[in-house]
Amino acid sequence: MSSGQIVSVDPAAAIPGGEVSVECDGYDTSNLRECRAMIGGESARMVGAAPWRVLAIVPETLEEGGEVDAVLESRDAQRSEPSRLVVGRKLADDLHVVANPAIDPDDGSLYVTRSGSRGQRVPVSLFRINTDGEISSVSGEITNPTSIAFDSLGQMYVTSRLDGTVYRVTPFHEIVPFARNLGVATGLAFDGAGRMYVGDRTGTIHRVNGHGESDVWALLEQSVAAYHLAFGPD
């Protein structure tokens, strides 16, 4: 055996501190003390190693992100041919993102939350990050904003898991209640026909029409984690 050959890196994109699986062929693990994974020229902590697979942690120091090389080293400093990995760049910190952020289809801006613990009110709970990475405050009116989604017309909506309301955010960043009494409103998604669905942690998925009227679409077990929603392409 030798440094072997890297077959693939999965996932193909990761963030600093994230774990990647390096699929390989013939990697020499006979002396684990001499085995190293290098990502972006820096040593990556290995959490598992076998001749066919290595699990490694993307170094926290790679905050600038971009496309970097992933390399395996083994005995006598033998090195594999590099494979490519995309490392995410840190855009912002000091946030509290409970569910998904969302990208404005009009200008590519990213909207994120500082949600806070249940009932906690913060001065600014909703932020906008433009395509240059500049952060601006949007609003502090929504307490515990959780999920963000845009409909097919580019209209932005935000759930609040405190008051069970879906809020509409106008292009002028005015906050308008759109649908109420949705329990612990968490996940938010639109299907291919433009219908809104809201996940309620107490055990319900609500379907909401264009007038903000809701009906029960599905009943499930209560869960803190199971009501983050998304639709696939089909």
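Sequential numbering from 95 applies to the sequence shown in the numbering used here. Don't be surprised by glycine CBs; every beta carbon is placed ideally from N, CA and C.
Residue i burial status per 10 Å Cβ neighbour count (16 or more: buried)
i, result
"arginine 274", "exposed"
"proline 239", "buried"
"leucine 247", "exposed"
"arginine 183", "exposed"
"threonine 264", "exposed"
"alanine 164", "buried"
"valine 292", "buried"
"threonine 225", "exposed"
"phenylalanine 266", "exposed"
"glycine 98", "buried"
"arginine 173", "exposed"
"glycine 258", "buried"
Backbone secondary structure at residue i - three-state DSSP
i, result
"alanine 171", "helix"
"arginine 274", "coil"
"glutamate 136", "strand"
"leucine 126", "helix"
"glutamine 214", "coil"
"leucine 314", "coil"
"glutamine 249", "coil"
"alanine 164", "strand"
"aspartate 187", "coil"
"glycine 234", "coil"
"leucine 323", "coil"
"alanine 284", "One detail in the question is off: residue 284 reads as phenylalanine in this sequence, not alanine. It is a strand residue."
"phenylalanine 221", "strand"
"threonine 259", "strand"
"leucine 156", "coil"
"arginine 301", "strand"
"aspartate 309", "strand"
Residue i, enclosing beta strand (DSSP E) - first and last residue
i, result
"cysteine 118", "113-119"
"phenylalanine 244", "239-244"
"tyrosine 205", "204-207"
"leucine 149", "147-151"
"valine 101", "99-104"
"glycine 182", "Run containing glycine 182: none; DSSP gives neither H nor E here."
Test item: CB-CB of residue i and residue j under 7 angstroms
i, j, result
"valine 192", "serine 209", "yes"
"aspartate 119", "valine 141", "no"
"alanine 144", "alanine 131", "no"
"glutamate 154", "glycine 111", "yes"
"phenylalanine 284", "aspartate 328", "no"
"valine 148", "alanine 108", "no"
"leucine 323", "glycine 281", "yes"
"phenylalanine 272", "glycine 306", "yes"
"isoleucine 242", "proline 195", "yes"
Contact belief for residue i with residue j at Cβ below 8 angstroms, rounded distance in angstroms
i, j, result
"serine 308", "leucine 276", "6 angstroms"
"isoleucine 229", "alanine 186", "6 angstroms"
"tyrosine 321", "arginine 301", "No, tyrosine 321 and arginine 301 are not in contact; Cβ-Cβ is about 14 angstroms, not under 8 angstroms."
"aspartate 122", "serine 177", "Between serine 177 and aspartate 122 the Cβ distance is about 17 angstroms, and since that is not below 8 angstroms, they are no contact."
"valine 181", "leucine 156", "5 angstroms"
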